[in-house]
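Remarks on the structure that follows.
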Amino acid sequence: MDHRLLFPALHLSIINTNIIGVHPHLYARSMALLKITSKIACILSMSLSIFSANAASIEQDVQYLPAGTHFSFIAQKIGESTPIIDYSGQQLALPASTQKIVTALAALLQLGKDFRFVTTFESNADIEDGRLKGNLIARFVGDPSLTRTQLRNMVEKLKQSGINQIDGNLIIDISVFASHDKAPGWVWNDMTQCFSAPPAAAIVDKNCFSVSLYSADQAGESAIVHTPPYYPVNVFSEVKTLAKDSPEARYCELDVTAGELNRFTLTGCLTQRSEPLPLAFAIQNGASYVAAILKNELRVAGIELKGHLQRQSFPEQPEKVLAQNQSVPLHDLLRIMLKKSDNMIADTVFRTVGHSYFNVPGTWRSGSDAVRQILKQKAGIDLGNTTVVDGSGLSRHDLITPATMMELLQFIARHNDELDFISMLPKAGYDGTLQYRPGLHEAGVDGKVFAKTGSLQGVYNLAGFMTAASGQQIAFVQFISSYAVSPEDQRNRRVPLARFESRLYKSLYQNN
Numbered sequence: 157m158d159h160r161l162l163f164p165a166l167h168l169s170i171i172n173t174n175i176i177g178v179h180p181h182l183y184a185r186s187m188a189l190l191k192i193t194s195k196i197a198c199i200l201s202m203s204l205s206i207f208s209a210n211a212a213s214i215e216q217d218v219q220y221l222p223a224g225t226h227f228s229f230i231a232q233k234i235g236e237s238t239p240i241i242d243y244s245g246q247q248l249a250l251p252a253s254t255q256k257i258v259t260a261l262a263a264l265l266q267l268g269k270d271f272r273f274v275t276t277f278e279s280n281a282d283i284e285d286g287r288l289k290g291n292l293i294a295r296f297v298g299d300p301s302l303t304r305t306q307l308r309n310m311v312e313k314l315k316q317s318g319i320n321q322i323d324g325n326l327i328i329d330i331s332v333f334a335s336h337d338k339a340p341g342w343v344w345n346d347m348t349q350c351f352s353a354p355p356a357a358a359i360v361d362k363n364c365f366s367v368s369l370y371s372a373d374q375a376g377e378s379a380i381v382h383t384p385p386y387y388p389v390n391v392f393s394e395v396k397t398l399a400k401d402s403p404e405a406r407y408c409e410l411d412v413t414a415g416e417l418n419r420f421t422l423t424g425c426l427t428q429r430s431e432p433l434p435l436a437f438a439i440q441n442g443a444s445y446v447a448a449i450l451k452n453e454l455r456v457a458g459i460e461l462k463g464h465l466q467r468q469s470f471p472e473q474p475e476k477v478l479a480q481n482q483s484v485p486l487h488d489l490l491r492i493m494l495k496k497s498d499n500m501i502a503d504t505v506f507r508t509v510g511h512s513y514f515n516v517p518g519t520w521r522s523g524s525d526a527v528r529q530i531l532k533q534k535a536g537i538d539l540g541n542t543t544v545v546d547g548s549g550l551s552r553h554d555l556i557t558p559a560t561m562m563e564l565l566q567f568i569a570r571h572n573d574e575l576d577f578i579s580m581l582p583k584a585g586y587d588g589t590l591q592y593r594p595g596l597h598e599a600g601v602d603g604k605v606f607a608k609t610g611s612l613q614g615v616y617n618l619a620g621f622m623t624a625a626s627g628q629q630i631a632f633v634q635f636i637s638s639y640a641v642s643p644e645d646q647r648n649r650r651v652p653l654a655r656f657e658s659r660l661y662k663s664l665y666q667n668n
């Protein structure tokens with residue numbers, strides 16, 4: 157690179173000191189400027205050499221990834237404005253679960269570390285002779301950590317207040333959120349998986365339930381499904397039992413379809429087996445599921461419901477609180493979200509941010525717009541053409557560049573004293589989704605890296621922080637997509653990834 161392009165003023169100030177008749181003062185100034193410029197050029201040259209060396213090293217490492225893989229990477233020392241490595245850092249890519257960094261930062265800036273989800277039982281009716289002479293409103297607010305035990309404790313509080321009968325209806329209020337509980341761009345065949353449970357306003361035990369599927373005694377007969385009675389769902393089996401050596405087994409897949417009011421039908425095939433096959437599925441209708449659970453808890457507690465179950469989707473003024481449950485503080489929830497890559501927490505927090513910022517029911521659109529405005533106003537980060545669809549990164553519509561993610565990481569590092577963010581990230585070799593990451597372990601950086609993982613089909617991302625061998629703090633972003641291997645290599649499909657990450661992070665650790 158021609159340094160005159162970077163320092164034109166200094167270059168023009170340097171004169172030929174051999175010209176006859178140069179004034180002594182001008183000569184001295186020229187020599188001083190020459191020394192300064194030489195030092196700057198030397199420093200710049202060293203920086204460019206390091207940058208070029210790192211880029212060349214990246215080029216060598218990329219060959220270990222499967223052919224056709226898309227890769228971008230950026231690394232930057234904490235507090236500095238320019239990267240030490242920038243390999244396609246402006247290339248938009250799927251963030252996958254590194255999107256949770258965006259969500260967590262916006263939530264901390266908008267809601268604060270001490271925010272809690274508060275679920276309430278409310279009524280404006282009087283209590284006389286053990287009767288609640290009106291409706292009971294159960295107001296659910298998208299608490300991703302609410303459990304059946306906590307709901308039971310709230311019912312017990314009603315009992316302790318003297319209520320034995322509810323004359324009116326049981327109203328399930330879900331007005332905190334609106335529109336679809338499933339975000340645009342979610343993969344349709346993941347919808348019944350528990351990691352993809354719709355982040356509804358009404359959630360109990362993560363809205364996930366389990367069943368057991370037993371093969372029939374005779375091949376060709378239907379397998380039998382057993383659903384524990386405490387789950388208010390209906391599960392039916394149309395699964396064909398196959399003999400162990402059946403040629404049909406290779407291509408007959410077990411599947412599930414979800415119907416209205418949490419009715420599930422299992423289809424496909426199951427090879428004969430001695431033990432039942434454990435399965436878990438995501439609730440599709442949170443309101444009806446929670447309503448059935450709550451109705452049963454009232455019955456068990458000896459509280460008779462005279463009215464009916466109703467759903468309330470439009471926000472109304474709060475009434476007298478009869479019982480409530482508070483979640484743990486937001487910071488504790490975000491720690492779980494980041495360490496375990498919990499999608500339910502991420503997406504309920506995302507919609508809650510939209511609800512809080514605009515004072516409207518939380519939707520995917522309000523969450524997206526709120527995150528964008530919060531980061532610009534409170535962190536000075538303009539997301540530009542970043543596409544923010546959900547809070548978890550499950551959506552295939554999400555897009556962000558490594559450079560933009562780096563802006564977030566740099567802000568987090570500068571404000572970590574008040575945010576306490578970095579410790580919430582998985583620690584390589586120790587916990588969360590980085591407890592067992594072969595590439596980082598082989599690179600010798602266990603305990604030296606705090607980073608968020610991001611995985612979808614063909615996507616392997618990392619974004620976080622490293623303490624290099626020199627003690628230097630470095631932020632980095634790795635985006636890998638279109639990662640695919642041949643069918644015969646599927647069992648060992650992550651071997652090239654581990655080899656690549658081992659070389660990349662060993663070099664980053666040792667050379668900075």
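For the sequence shown, the numbering used here begins at 157 and goes up steadily by one.
We put the CB at the ideal spot given by N, CA and C, even for glycine.
- In the displayed model, S522 falls within a helix according to three-state DSSP.
- The residue among G463, K495, E312, I630 with its C-alpha nearest the C-alpha of A479 is E312.
- Proximity to L426 across D401, L450, L326, A448 peaks at D401, based on C-alpha coordinates.
- Assigned with DSSP and collapsed to three states, R295 falls in strand.
- The three-state secondary structure of S366, taken from DSSP, is strand.
- The DSSP assignment places 499-514 as complete runs of the alpha helix (DSSP H) inside the region 491-520, in order along the chain (cut-off: 4 residues).
- In the three-state reduction of the DSSP assignment, C350 falls in the helix class, which pools H, G and I.
- Rounded to whole angstroms, I330 and W520 show a C-alpha spacing of 15 Å.
- Under the 10 Å beta carbon count, R593 is surrounded by 16 or more other beta carbons and is classified as buried.
- CA-CA distance, A640 to L660, rounds to 20 Å.
- In this structure, N452 keeps its C-beta atom at 8 Å or more from the C-beta atom of L417.
- Taken atom to atom, the span from the alpha-carbon of S658 to that of R304 is near 44 Å.
- Taking C-beta atoms as the reference points, G547 and Q255 count as a pair closer than 8 Å.
- Assigned with DSSP and collapsed to three states, Q440 falls in coil, not helix or strand.
- Linking M493 to L302 through their CA atoms gives a straight-line distance of about 15 Å.
- With respect to the C-alpha of F227, the residue from L590, P558, T623, D576 having the closest C-alpha is P558.
- Judged by DSSP in its simplified three-state form, S637 adopts strand.
- Rounded to the nearest whole angstrom, the C-alpha separation of P471 and G376 is 52 Å.
- The shortest CA-to-CA distance from T225 to any of I380, Y616, N667 is the one to Y616.
- Within its own chain, the residues whose Cβ lies closer than 7 Å to the Cβ of D299, once the five positions on either side in sequence are excluded, are F273, T275, I359, S483, listed in chain order.
- Just measuring C-alpha positions, the residue of S253, S497, I530 sitting nearest S512 is I530.
- Sixteen is the threshold: since fewer than 16 other Cβ atoms of the shown chains lie within 10 Å of the Cβ of E394, the residue is exposed.
- For R655, no beta strand (DSSP E) run applies; the uninterrupted alpha helix (DSSP H) run containing it begins and ends at 651-666, by DSSP.
- Proximity to S638 across Q628, E644, R649 peaks at R649, based on C-alpha coordinates.
- The beta carbon of H382 sits closer than 6 Å to those of S368, all from its chain and outside the five residues before and after it, given in chain order.
- Nearest to T421 by alpha-carbon distance, out of L486, T348, G458, A357, is T348.
- By the criterion of at least three beta-carbon pairs nearer than 8 Å, the region 325-340 is in contact with the region 288-298.
- Uninterrupted beta strand (DSSP E) stretches at least 3 residues long and entirely within the region 567-651 occur at 605-612, 615-623, 629-637, given in chain order.
- Remark: fewer than three beta-carbon pairs, one from each stretch, lie closer than 8 Å, so the region 573-584 and the region 234-246 are not flagged as touching.
- Checking the DSSP bridge columns, you'll see T305 has no partner listed.
- The Cβ atoms of S551 and G341 lie closer than 8 Å to each other.
- Inclusion of I230 and V633 in the CB contact set at 8 Å is warranted, their separation being smaller than that value.
- Cβ contact annotation for N390 (same chain, cutoff 6 Å, sequence separation greater than five): R419, in chain order.
- In this structure, L221 sits away from L555, with a CB-CB distance that is not shorter than 8 Å.
- A direct Cα-to-Cα measurement between D285 and S366 gives close to 41 Å.
- By the criterion of a C-beta distance shorter than 6 Å, A535 is surrounded in its chain by F567, once the five residues flanking it on both sides are discounted.
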